[in-house]
Amino acid sequence: MARRYDGRTVDCRSEAPFGPLEELYGPPMTAQELLTVTAPDGTLQGADPKLSSDELLHCYRTMLMVRAFDDVCLKLQRSGRIGFSIPNKGVEACQVGAASALRASDWIFPSYRDFGMALYHGVTPTEMMHNMFGNDLDTARGRQMPVHFSFDAPIHFVSISSPLGTQIPQAVGAAYAMKLRGEPHVALTSFGDGSTSTLGFHSGLNFAGVWKAPVVFLCQNNGYAISCPTSEQTASESFAIKAKAYGIPGVRVDGNDLLAMRKATLEAVERARRGDGPTLIEAVTFRMGGHSTSDDPTRYVPKELVEAWAKKDPLARFERFLEKRKLWTKELGERLYAEALEHIGQAVKVAEATPAPKLESIFSDVYADVPAHLRRQGQAAFDLAARKGDAGAGDGKFPL
Amino acid sequence: MPTLTMVQAVNDALKTAMRRDKSVLVFGEDVGPKGGVFLATEGLTKEFGRERCFDTPLSEDGIIGTAVGMALNGLKPVAEIQFQDFIFPAFDQIVSEAAKFRYRSGGQYSTPLVIRTPYGGGIRGGLYHSQSGEAYFCHTPGLKVVIPSTPEDAKGLLLASIEDPDPVIFMEPKALYRTTKCEVPEGYYTTPLSTLRTARPGQDVTVFCYGAMVPVCVRAAEQAAEKGIDCLVVDLRTLLPLDEEGVLEAAKQTGRVVVVHEAPRFCGYGGEISALIAENIIEYMEAPVARVTGFDTPFPNTLEHHYMPDARRVLDAIEHVHGF
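First to last, the sequence lines map onto chains G and V.
Numbering of the first sequence is given in the numbering used here, commencing with residue 515 and proceeding in unit increments.
Numbering of the second sequence is given in the numbering used here, commencing with residue 1198 and proceeding in unit increments.
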C-alpha cells in the first residue's frame, strides 16, 4: 500500500500475487534489445502486467503530479518566488515505473531528477514544496538548494547531493547492510548518463558485483548531461553493456514506457531479493526540458530531436494505453491535471507562508551535539543580529 | 595489564568493538586474511568471519562510498585506508557526503563511520607513504579528526570514535606503531574525544603537538629541562572539534607557545592554534607563537629526517620563545 498525495491509500504493492515473473512477462531480456511493453499507440506488446485499475491510475496520477509540480515550479522560479528548479518533463515514466516495482521497505538513492519516485510512494507535494522554498519545515531546513529532497518516510528517499555519482556506492553499502542482516530489502539508485563517467559508477558497480549486493542501478539515459550529448560521454555502444564488465546483468529499456520500466525494475528487484545480486538498467529516454531552470536547452539541443521525442511523450503513451483499457478520457486527464494543480497550489500557499529557518539552524545538525566552538560562533551571530540587525537576504536567484 | 605496541592496541580496540557490537565491520585493502599491511587487523577475519572483516576491491572511493551507505543503514563501518596518502579518491565521499548527511537531511540521515588511516613520515616512505593530511579534514565541518600518540589512547580513542554518532577520521601515526609501548587496559573503555592530554607538565613554555610529534616534543622538553626550561607538553589528541578552552588555558599557564606538526606550515593546524591564541589571549602572551613544522614542499624520501621536526628543531623553538 502506498499513501497517495491526497492522503488516500492505494493498493500498489510490488509483491502482487500474479505468479512467476517469467510467466507474466516472458523470458528476461538481454543488453542488446530495447525492452518495450507498450507500443507508441498504447497497444500492449508483451504480456499483460495485470495491474489493478487503482494501481494503473495511481501511476498515471503520479506522472501527472510530477508534470504539474514542474509546471508550477517553473512559474514560481520565473516570477522570483523560488530560486531554482529541475524539470522532469519526458522522464516521468522512468521514475514512476521504477518506483512501482519497489516496496516501502526498500531504499531509494536518487539523483535530483527523481522525485516522482517519492511522490509515488506517498511523499506529499507540501513536504516537497517546503524544500522548494527552503523554509523551516523543509526536512533539510533550508540548507540545500531546492529539489535536494530528503525523506525517511513513507520510503527511504535518501538525501540528495549535487556531486554526481556519489549515491551509487552508497546504495551498494546500504544493500550490503540489508544482505548482512538477511533482510529481503533492495536498494535502488538512480543516476543519469553523465554519472556513468564518475568514480562512483565504477566503484559502485564493481563492489556490487563482487559482493552480489541486492541493489538495482538505474541509469536514466536522457540524452544530455547538461549540454553534453551521450556521444561525448562514452564511446560505448550502450550504457547497459557496461554491466557485462562488472559481471552483472545489464538491460536496456524504453524509458518512455512506464510498463516496460516497471517490468525491468521488477525483474531486477526480484533478482536482488533472491540473492542473485545487482542489475544495471539503462532507461533510454529524453529530457524534454532544460537541465534546470537556469539552463536554456535551445542553445544545444537540435529542434528536430525535441520534436521527435515530443511524439514519444511518456505521459501521452500511458494515456493511450489507459484509453484502450477504458480507464482514460481526455476529460478525465484534464480533470486530474487540474486537481493536481489545485493540490500543488495549496502546497505553495502553505510553504510560502511558512517562515524561514531560524538562525540557530545554521549551527545544528553539523554534529549530533553542538560542539563548544559552534555554540560560540552561533552566540556571536545572535549577538551581532541583536546589536546590528539581521543580515540582509539576497534575491535568492541562482546565477547560473 | 598487558603491555602493547600501538598497532597491537589498535588491533585490541577493533576486536573489543567487534565482540561488543555486531554492527561493527572492518574492511579495506588487505585487511582480511593478511591482517593489514601493518597487521592492525590481524586475526579479525578468523574470529569474526569474512562478512565482518573483509578485503575490498582496490578503490578508496568505493571503500568510503560503501561505508557511507552502510552507516546510513544501521551498520558501524570501520574502514581502513591503507595509507592516508591514498585517501584522496575518497575525498568527495568524505567531504561532500559523510560530513554533510546529517546537516543536509535535518538529522534524518547520519553517517557514524570511522576511517582509520596510517599517516606521517619516518619510515622512508617518500612522497606517497609519509604525508600528514589532517588539515584537509579539519577544514570540513561535520567531521571529527582524532590522532592518538600512545597505545593506551589509541585503544580508548578508537573505541570512542567507533561509539561516536558522527564520522571520524582516525589518523594513526605509523612511525609510532611499533616504537611505543605501554600498559593498555584490557576490555572495553573509551577515552573521551575533544579532550587534551598533558604529556609532560611544565611552567615555562607550552608545546602543543599530536601524533608522532608528541614523543619528539617530550624529548625536546627533557633536553630543555637540562637547560633550566620547564616545558608543558600538550597532546591535542582530537583536532576537530578541538578543546579550545583547554588550549587557551594551557597557553595562558606559560604565556609562551610552540606548536609542532609534521604537515606543511602554510594553512597547517599550527596556524589555527596560533590564531586562536592571538584572538583570545594575546594579553597573556610573553612571546610570539613559534611553529615547528614540515616544510612547504612535498615530502622527501632520503632527507626525510631534515623535513620532519626533530627534538633539535623543537628545542631551538623552545629556546627562542623562552628567551624572547
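Positions of the beta carbon are idealized from the N, C-alpha and C atoms, including for glycine.
For Ala1484/V, the closest C-alpha among the options Gly1443/V, Cys1414/V, His1502/V and Thr1403/V is that of Thr1403/V. When secondary structure is reduced to three states using DSSP, Trp621/G falls in the strand class. At a cut-off of 8 Å, the C-beta of Val724/G has a neighbouring C-beta in chain V. No Cβ of chain G is located within less than 8 Å of the beta carbon of Met1368/V. In the DSSP assignment, Leu1429/V falls within the beta strand (DSSP E) that extends over Cys1428 to Asp1432.
Taking all protein chains shown into account, Ser664/G has 16 or more neighbouring C-beta atoms within 10 Å of its C-beta and is therefore buried.
Assignment of beta-bridge partners to Met1368/V by DSSP yields Thr1314/V. Contact between the stretch 778 to 791 of chain G and the stretch 677 to 686 of chain G is absent: fewer than three C-beta pairs spanning the two stretches fall below 8 Å. Sequence-distant partners of Leu713/G (beyond 5 residues in either direction) whose C-beta falls short of 7 Å from its own C-beta, in its chain, are Gly679.
For Arg1375/V, no CB of chain G lies under 8 Å from its own CB, so it is not counted at the interface with that chain. Per DSSP, the unbroken alpha helix (DSSP H) holding Thr640/G starts and ends at Pro639 to Phe647.
In the DSSP assignment, Phe1224/V is bridged to Phe1251/V and Ala1276/V. Boundaries of the alpha helix (DSSP H) around Glu784/G: Leu772 to Arg788. Taken through DSSP and simplified to helix, strand or coil, Tyr738/G comes out as strand. Nearest Cα to Leu841/G within the set Ala691/G, Ser567/G and Gly556/G: Ser567/G. Under a criterion of Cβ atoms nearer than 7 Å, the residues of chain G adjacent to Val1265/V are, in order, Gln684 and Gly687. For Ile858/G, the enclosing alpha helix (DSSP H) begins and ends at Lys844 to Ala867. Counting only unbroken stretches of 4 or more residues, the alpha helix (DSSP H) elements lying wholly within the stretch 1389 to 1468 of chain V are 1410 to 1423 and 1441 to 1451, in sequence order. Going by beta carbons, Ala618/G and Gly630/G fall outside the 8 Å limit.
Look at Ile1284/V here: in three-state DSSP terms it is coil, with no helix or strand label. Take Arg1375/V, set aside five residues on each side of it, and the residues of its chain with a beta-carbon closer than 7 Å to its own are Thr1202 and Val1204, in chain order.
Within chain G, the residues whose beta carbon sits less than 9 Å from that of Pro1438/V are Tyr881, Pro885, Ala886, His887 and Leu888, listed in sequence order. Taken atom to atom, the span from the alpha-carbon of Pro1199/V to that of Arg1394/V is near 22 Å. Residue pairing from DSSP leaves Gly1262/V without any beta-bridge partner. The Cβ atoms of Gly597/G and Pro828/G lie no closer than 8 Å to each other. The alpha-carbon of Glu606/G is positioned some 14 Å away from that of His635/G. Approximately 6 Å separates the beta-carbon atoms of Ala882/G and Asp1363/V; this is inside 8 Å, confirming the contact. In this structure, the beta-carbon distance from Gln1420/V to Thr1451/V does not fall below 8 Å. Residue nearest to Arg831/G within the set Thr557/G, Glu641/G, Leu548/G and Leu549/G is Thr557/G (criterion: CA-CA distance).
Closest in alpha carbon position to Ser878/G, among His1326/V, Phe1298/V, Thr1435/V and Tyr1385/V, is Phe1298/V.
By the criterion of a C-beta distance shorter than 7 Å, His670/G is surrounded in its chain by Trp621 and Ile622, once the five residues flanking it on both sides are discounted. By the neighbour-count definition (other C-beta atoms within 10 Å, threshold 16), Glu845/G is an exposed residue. Look at the beta carbons and you see the stretch 741 to 760 of chain G touching the stretch 704 to 712 of chain G: at least three pairs across the two are nearer than 8 Å. Closer than 8 Å to the CB of Gln1400/V there is not a single CB belonging to chain G.
Here the alpha carbon of Lys1212/V sits roughly 46 Å from the alpha carbon of Ala739/G. One alpha carbon belongs to Lys756/G, the other to Leu1355/V, and they sit about 40 Å apart.
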